[in-house]
Amino acid sequence: MFAKTVSLCTAHSWKTTPLRTNFVILIRSVADRPRAIESTAKEKESYQYYNAFSQESNLAMRRVGLIDLAKSKLYDAQSFYDEFSGMSEVKMAQDKVIKIQDQLQLVQERRRHILLELMLVRKQLQDIHIELQNTTRGEQRYVELIKQEFGVIGREKEKNDIFQIIDQEERELFSHLTAAVKTSHEKERTQANNVKYWSIIASGIGVLLGIVATMTNNYFRNTQFEAIRKMAEESNAKLLVVEQKLTATEATLAKMNVEWSRYLTAKLVAEQRQLPRAQLESWGNYLRRHAVRFVRYFIPKA
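Going by this note's numbering, the letters in the sequence shown line up with residues 34 to 335, in that order.
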């Protein structure tokens, strides 16, 4: 109902106010709003299906991009090597030789074709001459044969001129081919010499770098060995000093021990001298104190 009302309003406004286009566009946009909502819903549904494979497609695209980048880098490196070593000039010379060979083959085919046509024309002219010899001059056939002879002679001259032109072109192409082959061989020799010289230079540079690296390594090893040797000497000197100190300490302790033992002995002797002497016990007292033991020893119990 709303769509119909809007369509009527748009039609009425279009008829009554042809200059007020903004009003018409506004009403039409309001009328198309449900369609826009439906289209956005469909796009969301399709986007849900699309997101299922988005990660895999992104990974595939990244792999393809990396492969293309690697190929382009390899192609650039190969192009630089060809340009540096002179291989590009050799390839250009070889392409020129191949191009001239193709042109020469075409010209040879044309020359053979023209030669065949020339041979056919000459054969036809020979047949006409034979027929003229067998025909009398007063006959109509003789006149026709003379006309045919003039036509065939013109064609023979034309074919012969074309053959001469093609033959000259073939010779020129052959000379160009010879020069191109010679140039290609010179380029190949130059490229081989360049590669040989650069390989010798690279080998020399590699040997020099190896010598420098070996010398540097030996220098660092010798430096480390000297540092370790100095540290060992310093450690040995410190150990000797510590050993001397320990020996002196042991001697001092031994001397102190001897002096302490002497001191204790002298002190003990002095203490013993200061103590009063005990009185000696007589045998009578001893026997009186131990009379019971003697009795028990000699008179056993019953």
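Idealized CB from N, CA, C, for every residue including glycine.
Neighbourhood of residue i by C-beta, 8 Å cutoff - its chain only, sequence neighbours within 5 removed
i, result
"GLN224", "SER118, GLY119, MET120, GLU122 and VAL123"
"TYR175", "LEU165, THR168 and THR169"
"ALA260", "none"
"GLN141", "GLU203"
"LEU206", "ILE133, GLN136, LEU137 and VAL140"
"ILE195", "ILE147"
"ALA265", "none"
"ASN193", "LEU151"
Cα-Cα separation between residue i and residue j, rounded to whole angstroms
i, j, result
"ILE286", "GLN277", "Reading off the sequence shown, one finds Leu at residue 286, where the question assumed Ile. When rounded, the distance between both Cα atoms is 14 Å."
"ASN290", "ASN318", "46 Å"
"SER90", "ALA103", "20 Å"
"ILE244", "ILE238", "10 Å"
"ASN227", "PHE113", "15 Å"
"ARG295", "GLU267", "42 Å"
"GLU154", "GLU219", "This sequence places Val at residue 154; Glu is not what is there. Approximately 46 Å, taken between the alpha carbons."
"SER208", "ALA126", "15 Å"
"ARG254", "LYS263", "14 Å"
"TRP316", "ALA299", "35 Å"
"ASP101", "GLU116", "22 Å"
"ARG321", "GLN307", "32 Å"
"GLU182", "GLU172", "16 Å"
"LEU301", "THR282", "28 Å"
"TRP293", "ALA324", "48 Å"
"SER370", "MET248", "Outside the modelled stretch of the chain, which goes from 34 to 335, sits residue 370, for which no answer is possible."
"LEU178", "ARG143", "30 Å"
"VAL275", "THR256", "28 Å"
"ALA246", "ALA110", "28 Å"
"ASN28", "ASN250", "This structure gives no information on residue 28, because the portion of the chain shown stretches from 34 to 335."
"SER9", "LEU272", "An answer regarding residue 9 cannot be provided, because it is not within the stretch 34 to 335 covered by the chain."
"THR280", "LYS288", "12 Å"
"LEU151", "SER217", "37 Å"
"LEU297", "GLN305", "12 Å"
"ILE163", "GLU221", "59 Å"
"LEU92", "GLY98", "10 Å"
"LEU242", "LYS229", "20 Å"
"ILE233", "PHE258", "37 Å"
"TYR252", "TRP231", "31 Å"
Run of the alpha helix (DSSP H) containing residue i, from where it starts to where it stops
i, result
"GLY171", "Where GLY171 is concerned, there is no enclosing alpha helix (DSSP H), given that its DSSP letter is neither H nor E."
"GLY317", "316-322"
Spatial neighbours of residue i in its chain, beta-carbon cut-off 7 Å, leaving aside the 5 residues before and after
i, result
"MET94", "none"
"VAL185", "VAL154, GLN157, LEU158 and ILE161"
"ARG96", "none"
Own chain residues within Cβ distance below 6 Å of residue i, not counting five before or after
i, result
"LEU107", "none"
"ILE70", "For ILE70, the predicted structure reports a pLDDT of 48, less than 50, and the residue's modelled location is therefore unreliable. The matter cannot be settled from this model."
"VAL240", "none"
Q) Is the stretch 131-149 touching the stretch 187-200, taking contact as three or more C-beta pairs under 8 Å? A) Counting Cβ pairs under 8 Å, three or more are found: they touch.
Q. Quick check: the stretch 210-224 against the stretch 123-135, are there 3 or more CB pairs under 8 Å?
A. Touching, yes, given that three or more Cβ pairs across the two stretches are closer than 8 Å.
Q) Using 8 Å as the Cβ pair cut-off and three pairs as the minimum, do the stretch 156-164 and the stretch 178-191 touch? A) Between the stretch 156-164 and the stretch 178-191 there are three or more C-beta pairs closer than 8 Å, enough to call the two in contact.
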